[in-house]
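Numbering-wise (full-length UniProt numbering), the sequence shown opens with residue 1 and increments by one. Each residue gets a CB set at the ideal place from its N, CA and C atoms; glycine is no exception.
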Amino acid sequence: MVKLIIDSLKALPFFEVLEDLSEYEFYFVGGFVRDVLLGKKAKDVDLVPFGIDYKDFAWLLKKKLQATSVPFKDNIRLILKDFVIDVSKPRGKNIIEDLQKRDFTINNLATDIKGNIIGDTNDLKNKVIKYVYEDVFNDDPVRILRAFRFVSQLDFDIENKTFEKIFREKNLLKNAPFERIYDELIKLLKGKSNFKALKLMQHSEVLFTLFPEFKNIEGLPQGKYHQDCALTHTFRVVEKTRDITDKLNKNDETKNILLLSAFFHDVGKAVAGERNNHKNFVGHEEESAKIAEKYLKKFPIKKKNLKEVLHLIKKHTKIRIYASEKAKDNTLKRFIYNNAELLEEIILFTLADNLTKGHNINDIYETIIRIRKLSKELDWSKKELINGNTLIELNIPDKTKYATILKDVHEKLVIGILPTKEEAIKYILDRYLK
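Listed below in structure tokens is the structure:
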């Protein structure tokens, strides 16, 4: 184990610089030690110095490494080309006291520059998440959500006493900043054991503490084509979305958009079902988007990404419906035209949603193949044939209708309903001047 630590330390591109600072007492702590012992490649390094102010130690490192520094409340982040180093303020007078203020025993570990491990590695070996001290969640409520994030990322189990403590103290999360909740949630959704983690969040009621609307779809039956209730189905879609995006090596932004869409996509089913006298869930896409928007606005995401998530939620049943109705080519072309920017994401999400059910999947595959084929037939250059000047030349009097007219005509030009400029002009005159 010591050899593993030493080899990992020596593999750090800045190991020699740290050796030059060995006159100071400092330790590698937390996630770095945990990941090394789990055989994972460490991307970040956490350091805690003693006998020197952490800011001064960070400045020495920054100078030697020519790194960029970003100050936070109790740590300085040094950014290198391929690594991030966090130099943190000690949580005690020495490393033993510091470790006693860590969140979970799997992070309650440290090593010095020589590879000497401080702390008990048994819980790490046994894949158990256990809290370190009684006020762990009072000191930082987001640690509650972090426990489930570790379940998702590491496929560990939460110790019974810790799970009971989470259940008792879950309401502490109500005052936690949504920026940090988002950070933990998105990491959880990206984990290989996200289904397991979400199920534990359900059983501990942490999920309902953070997002009360999910309680309404717990146990909600969805009809003969669904084996699971709406909530369990949601978890399976998140799991499948993660699998698909990983296999296709999608970038982080695309993964985040799709995973957030999967997480919220059916949360409005109870509202829609009640409105429809429990006969069906027509309109649940819009209801789910409304609920999602409430939370997405609190998350630190770009407005563009927020709109994309809402769009995916609103459109997530379209391809399945087209498949069951054997939609005509022009219907699919209109769908392609109006969803061009997110077409690939809608397709991937449709697969994730419906592969968890299995019903009608061959028809869905066939429709997706048709969509991909038809998308090549759209001629986007034809939008240039008609513009605002054209409408002025045609003496269209009401300029407030120009945007509506152009949207209508451009769609028909691109998908081929109006093959030429002349036919487009005739259509405008017949439709909007009579």
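Counted within 10 angstroms of its Cβ, other Cβ atoms place residue i as buried (16 or more) or exposed
i    : result
F72  : exposed
N107 : buried
G119 : buried
V151 : buried
D252 : exposed
M1   : exposed
V87  : buried
L248 : exposed
K304 : exposed
A270 : buried
E393 : exposed
L429 : exposed
H316 : buried
E345 : buried
Chain-order list of residues whose beta-carbon lies under 8 Å from that of residue i (same chain, five-residue window excluded)
i    : result
A323 : N360, D363, I364, E366, T367
E325 : none
Y133 : Q100, K101
D157 : K127, V128, I129, V151
D44  : G31, F32, F83, V84, I85, D86
Proximity winner among the options, relative to residue i (alpha-carbon distances)
i    : options                : result
F178 : E97, N354, N107, F211  : F211
K382 : K373, I347, E422, N395 : E422
V48  : D35, K62, R91, C229    : R91
A352 : E205, L258, T404       : L258
K283 : V267, K307, L124       : In the sequence as displayed, the identity of residue 283 is Gly instead of Lys. Closest by alpha carbon: V267.
T356 : D53, T254, C229, E169  : C229
L200 : H233, I166, N175       : I166
F57  : T68, L21, A67          : L21
Q153 : K250, Y131, L198       : L198
D135 : T162, T241, K196       : T162
Segment limits, beta strand (DSSP E) that includes residue i
i    : result
A102 : In the sequence on display, residue 102 carries Arg and not Ala. Run containing R102: none; DSSP gives neither H nor E here.
L78  : 75–79
T68  : 68–71
S88  : 84–88
Y131 : Looking at the DSSP string, Y131 is not in any beta strand (DSSP E), and its letter there is neither H nor E.
E25  : 25–29
Straight-line Cα distance separating residue j from residue i
i           : j    : result
A289        : K314 : 6 Å
E25         : G51  : 7 Å
residue 435 : K302 : There is no way to answer for residue 435, as the model of the chain reaches only from 1 to 434.
I425        : K399 : 16 Å
V36         : D98  : 20 Å
I85         : W59  : 12 Å
F83         : F14  : 10 Å
residue 437 : I244 : Residue 437 falls outside the range modelled here, since the chain spans only 1 to 434, and no answer is possible.
L343        : H311 : 11 Å
I371        : T209 : 41 Å
K215        : F137 : 23 Å
L172        : P141 : 6 Å
K174        : F263 : 19 Å
A11         : L374 : 51 Å
L433        : N387 : 17 Å
N94         : Y54  : 13 Å
residue 436 : P397 : The shown model of the chain, from 1 to 434, leaves out residue 436, and the question about it has no answer.
N160        : K81  : 41 Å
Residues near residue i in its chain [Cβ-Cβ closer than 7 Å; skip 5 each side]
i           : result
L378        : K333, I336, Y337, V414, I415
I5          : V36, T111, G115, I117
residue 487 : With the chain represented from 1 up to 434, any question about residue 487 goes unanswered, as that position is not in the structure.
Residue span of the alpha helix (DSSP H) that contains residue i, given as start and end
i    : result
V409 : 402–415
E366 : 361–375
L47  : Per DSSP, L47 belongs to no alpha helix (DSSP H); it is in the beta strand (DSSP E), 44–50.
I244 : 230–247
A272 : 269–275
H284 : 284–296
G388 : 388–393
E338 : In the sequence under discussion, the amino acid at residue 338 is Asn, which differs from the Glu named in the question. Residues 329–338.
Sequence-distant residues of the same chain with beta carbon closer than 6 Å to residue i, five excluded per side
i   : result
V70 : R77
V29 : D46, V48, A110
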